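In what follows, a structure is listed as structure tokens, so that the remarks can point back to it.
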Amino acid sequence: MSELLSEASLDQLFRSARTFNAWLPKEVSDEQLHQLYELAKFGPTSANASPMRVVFVKSKAAKAQLEPFLSEGNRAKTMEAPVTAIVATDHEFYEQLPKLFPHADAKSWFVGNQPLIDTTAFRNATLQGAYLLLAARAVGLDCGPMSGFDNAGVDAAFFAGTAIRSNFLISIGYGDASRNLFPRSPRLTFDEACTIA
């Protein structure tokens, strides 16, 4: 049985972690991005499908490409972030299943079944995006996940000619708690959100 993480680790991942809207001018290295993906990739997906694809928008050129597709309320904070991950979904993920799930002919489960492809791809890539966020926090980075962008525009700019479609964004860096950090919003209690059957 695994041991419970330390209180400090639980705080870093969940209890004290926040969604940041302002960023310190501190670089996030390519090595850190590799490190957080190398953690996130181990999160479970059905049939090990692993449909998430990520573009880490870091360069000035890539930020300029992303900027026009951001909603007004998300533009400044996203441009200030050292990195913004475009968390996307590969709707041809099943092509990788002979490698990722070699003990069964899992590819045949999906070929020609678009509703199953779309449901499996979206569900599991979204899960993987959450793993990516937790991995970033685990390696000492802060996050600002968001919707509020033109998916079709981002897809045309970053994924043209592919079966990859954007899902959501995560700005990544070192959050500036002195600016635009709202008080933590309430959460539902166990009894409000859960039942034990």
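According to full-length UniProt numbering, the sequence shown is numbered sequentially starting from 1.
Just so you know, even glycine gets a beta-carbon here, dropped at the ideal spot from N, CA and C.
The structure displayed is predicted, hence computed values, not measured ones.
Legend entry - Paired residues, beta bridge with M146 - DSSP: Within the sequence shown, numbered from 1, the residue matching residue 146 stands at position 146. In DSSP, M146 forms a bridge with L169.
Legend entry - Run of the beta strand (DSSP E) containing F101, from where it starts to where it stops: By 1-based counting over the sequence shown, the position of residue 101 is 101. Where F101 is concerned, there is no enclosing beta strand (DSSP E), given that its DSSP letter is neither H nor E.
Legend entry - G161 Cβ short of 7 Å to the ligand FAD heavy atom set: As for the ligand FAD, it is missing from this structure, which has no ligand bound.
Legend entry - Distance CB(F158)-CB(V55) smaller than 8 Å: Stepping through the sequence shown from its first residue, residue 158 is reached at position 158. Stepping through the sequence shown from its first residue, residue 55 is reached at position 55. Yes, these two residues count as a Cβ contact at 8 Å.
Legend entry - Neighbour-count burial assignment, D105, 16 or more Cβ in a 10 Å radius: Here residue 105 refers to the residue found at position 105 when the sequence shown is read from its first residue. Exposed is the call here.
Legend entry - Residues that DSSP places opposite W23 in a beta bridge: Counted from its first residue, the sequence shown places residue 23 at position 23. DSSP, once it has assigned bridges, lists G175 as partnering W23.
Inset, instruction - Give the C-beta separation of A138 and L13 to the nearest angstrom, bearing in mind that I take them to be a contact with Cβ-Cβ under 8 Å. - result: Looking up residue 138 in the sequence shown gives position 138. Looking up residue 13 in the sequence shown gives position 13. Their Cβ separation, rounded to whole angstroms, is 6 Å, which keeps A138 and L13 in contact under 8 Å.
Inset, instruction - Out of E72, A62, K58, point me to the one whose CA is closest to S147's CA. - result: For the purposes of this step, residue 147 is taken as residue 147 along the sequence shown, with counting starting at 1. Ranking E72, A62, K58 by Cα distance to S147 puts E72 first.
Legend entry - Rounded Cβ spacing between Y174 and A40 (contact assumed at less than 8 Å): As a first step, residue 174 is located in the sequence shown; it is residue number 174 there, counting from the start. As a first step, residue 40 is located in the sequence shown; it is residue number 40 there, counting from the start. That pair is no contact at about 19 Å.
Inset, instruction - Return helix, strand or coil for V111, following the three-state DSSP convention. - result: Counting from 1 along the sequence shown, the entry for residue 111 is found at position 111. The answer is coil: DSSP assigns V111 none of H, G, I, E or B.
Inset, instruction - Can you have a look at H34 and say buried or exposed, based on whether 16 or more other CB atoms are within 10 angstroms of its CB? - result: By one-based count along the sequence shown, residue 34 stands at place 34. H34 comes out exposed.
Legend entry - Buried versus exposed, by CB contacts within 10 Å (16 or more), R179: On the sequence shown, residue 179 is found 179 positions in, with the first residue counted as 1. R179 comes out exposed.
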